[in-house]
Amino acid sequence: KAGVTQTPRYLIKTRGQQVTLSCSPISGHRSVSWYQQTPGQGLQFLFEYFSETQRNKGNFPGRFSGRQFSNSRSEMNVSTLELGDSALYLCASSGGGYGTEAFFGQGTRLTVV
Amino acid sequence: AQTVTQSQPEMSVQEAETVTLSCTYDTSESDYYLFWYKQPPSRQMILVIRQEAYKQQNATENRFSVNFQKAAKSFSLKISDSQLGDAAMYFCAYRSTGTASKLTFGTGTRLQVTL
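Next up, the structure:
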C-alpha cells in the first residue's frame, strides 16, 4: 500500500508570492489534515478535510487555505507569503475516525526568502 | 482549549536500557485519544502507540508501553531495551472526539541513544 505522498519535497519562494502544496493520501482514506511545523511554534494544526468538506480549522490567517478533491487528494495554498511562513508542512491521512491512526507524509519544506 | 505538555526537551538512554518520556495534558473532555508519535531525522512522523481514554488498560506495542493516568492527566511512554533506531523526536498528541476534534501535539522530546 502506497503511503502518503507530498509534493514537492522542497520549495523556495519569494516573499509576497503564493504557493500550492499537494498531498495524496493513502488509498481509501477520506480524511486529510495539514500541519505546520516550525522550531519556534512546534506542530500546529492548519485544517482537516473529510470527503471534500473542511471538518475543522486551526488558528491561521485567511492566507492559508485548502481544498480536497473527490479522489481525496488535497491541496494547501498560502498566498502573500511572509518570511514567517517558512516551515515544514506535513500532511496526514486517516480513515476518518477520531481515534484512527493518522499516517503522515514526509512533508514539504517551504523556505520564504 | 486542550494543551499537551512535554517537560523534557531532551533525554538520553544507553542501548538496551529503559527510558520513560513524560507527557501531561489538559482537557475537560471525558472521551478522547492519546498518541505517541516518533519523528526520525527523515522527518516522517510514525505512530508509536495509541490509547483510548475510556480504556483503563495501558496500551503496549512490543518494546513500547504507556502509563496512562486519567485522573492525573498523564500519559508517559516507556521504551524498553532501547535500540539505536529509537533515536528521534517523540511527540505526545491528544485528540478529542466531536466536531472540533484535531490532533494537538506537545513540543516534543529529543531522545538520544548511546552505545
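Residue numbers (the numbering used here), protein chains in the order written: chain A, -3 to 109; chain B, 48 to 162.
We treat Cβ as the ideally placed atom computed from N, Cα and C, and that holds for glycine.
Keep in mind the model is a prediction, meaning the values are calculated, not measured.
The beta strand (DSSP E) that contains residue i, what's its start and end?
{"i": "B/I126", "result": "S121 to I126"}
{"i": "B/A140", "result": "A135 to S143"}
{"i": "A/G38", "result": "G38 to F46"}
{"i": "A/S27", "result": "S27 to T34"}
{"i": "B/G153", "result": "Segment: none, B/G153 is in no beta strand (DSSP E) and carries neither H nor E."}
{"i": "A/T1", "result": "T1 to T3"}
{"i": "A/L106", "result": "T104 to V108"}
{"i": "A/A88", "result": "A83 to S90"}
{"i": "A/F60", "result": "F60 to Q64"}
{"i": "A/Q50", "result": "T49 to K53"}
{"i": "A/N73", "result": "S70 to V74"}
{"i": "A/L7", "result": "Y6 to K9"}
{"i": "A/L17", "result": "V15 to S20"}
{"i": "B/T50", "result": "T50 to T52"}
In chain B, which residues lie less than 9 Å from residue i when you measure between Cβ atoms?
{"i": "A/F60", "result": "Neighbours of A/F60 on chain B: none; closest Cβ ~15 Å, over 9 Å."}
{"i": "A/N67", "result": "Under the 9 Å cutoff, chain B gives no residues; its nearest Cβ is about 22 Å from A/N67."}
{"i": "A/L79", "result": "In chain order: nothing, as chain B lies at least about 21 Å away."}
{"i": "A/S29", "result": "K149 and L150"}
On the criterion of 16 or more Cβ atoms from any shown chain inside 10 Å, does residue i qualify as buried, or is it exposed?
{"i": "B/A118", "result": "exposed"}
{"i": "B/F122", "result": "buried"}
{"i": "A/E44", "result": "buried"}
{"i": "A/V109", "result": "exposed"}
{"i": "A/P21", "result": "buried"}
{"i": "B/K149", "result": "buried"}
{"i": "B/T151", "result": "buried"}
{"i": "B/F115", "result": "buried"}
{"i": "A/A88", "result": "buried"}
{"i": "A/L39", "result": "buried"}
{"i": "A/G62", "result": "buried"}
{"i": "A/S68", "result": "buried"}
{"i": "B/S54", "result": "exposed"}
{"i": "A/Q2", "result": "buried"}
{"i": "B/T50", "result": "exposed"}
{"i": "A/Q79", "result": "In the sequence under discussion, the amino acid at residue 79 of chain A is Leu, which differs from the Gln named in the question. A/L79 comes out exposed."}
Kindly list, in the order they appear in chain B, the residues whose Cβ is closer than 8 Å to that of residue i.
{"i": "A/Q102", "result": "S89, R90 and Q91"}
{"i": "A/G54", "result": "K149"}
{"i": "A/L17", "result": "Under the 8 Å cutoff, chain B gives no residues; its nearest Cβ is about 14 Å from A/L17."}
{"i": "A/L84", "result": "R90"}
What does residue i reach in chain B if we use C-beta pairs closer than 7 Å?
{"i": "A/G36", "result": "The premise fails here: A/G36 is roughly 10 Å from chain B at the closest Cβ pair, so nothing lies under 7 Å."}
{"i": "A/G12", "result": "Within chain B, no residue comes near A/G12; the closest Cβ sits about 27 Å away, beyond 7 Å."}
{"i": "A/E44", "result": "K149"}
For a contact defined as C-beta to C-beta under 7 Å, what are the partners of residue i on chain A?
{"i": "B/T154", "result": "G38"}
{"i": "B/F33", "result": "This structure cannot settle anything about residue 33 of chain B, because the visible part of chain B is limited to 48 through 162."}
Quick one: which chain A residues come within Cβ less than 9 Å of residue i?
{"i": "B/F111", "result": "What B/F111 touches in chain A: nothing, since even the nearest Cβ is about 14 Å away."}
{"i": "B/L94", "result": "E97, A98, F99 and F100"}
Closer than 8 Å by beta-carbon distance: list the chain A residues that pair up with residue i, in chain order.
{"i": "B/L68", "result": "The premise fails here: B/L68 is roughly 16 Å from chain A at the closest Cβ pair, so nothing lies under 8 Å."}
(Q) So within the stretch 57 to 127 of chain B, which uninterrupted beta strand (DSSP E) runs reach at least 3 residues, ignoring any that extend past its ends? (A) Segments of the beta strand (DSSP E) lying fully in the stretch 57 to 127 of chain B: 57 to 61, 66 to 68, 71 to 73, 79 to 86, 93 to 99, 111 to 116 and 121 to 126.
Q. Quick check: the stretch 15 to 35 of chain A against the stretch 69 to 89 of chain A, are there 3 or more CB pairs under 8 Å?
A. Touching, per the Cβ criterion.
Q) Is the stretch 99 to 109 of chain A touching the stretch 82 to 99 of chain B in the sense that three or more CB pairs, one from each, lie closer than 8 Å? A) Touching, yes.
Q. So does the stretch 55 to 66 of chain B actually touch the stretch 147 to 161 of chain B, counting three or more Cβ pairs closer than 8 Å?
A. Counting Cβ pairs under 8 Å, three or more are found: they touch.
Q | contact_flag[the stretch 128 to 142 of chain B, the stretch 4 to 19 of chain A] where n(CB pairs < 8 Å) is 3 or more | A | No: the two stretches stay apart, fewer than three of their Cβ pairs being nearer than 8 Å.
(Q) Assess contact between the stretch 47 to 58 of chain A and the stretch 69 to 83 of chain B, defined as three or more Cβ pairs (one per stretch) separated by less than 8 Å. Is contact present? (A) Flag = no, the stretch 47 to 58 of chain A and the stretch 69 to 83 of chain B do not touch.
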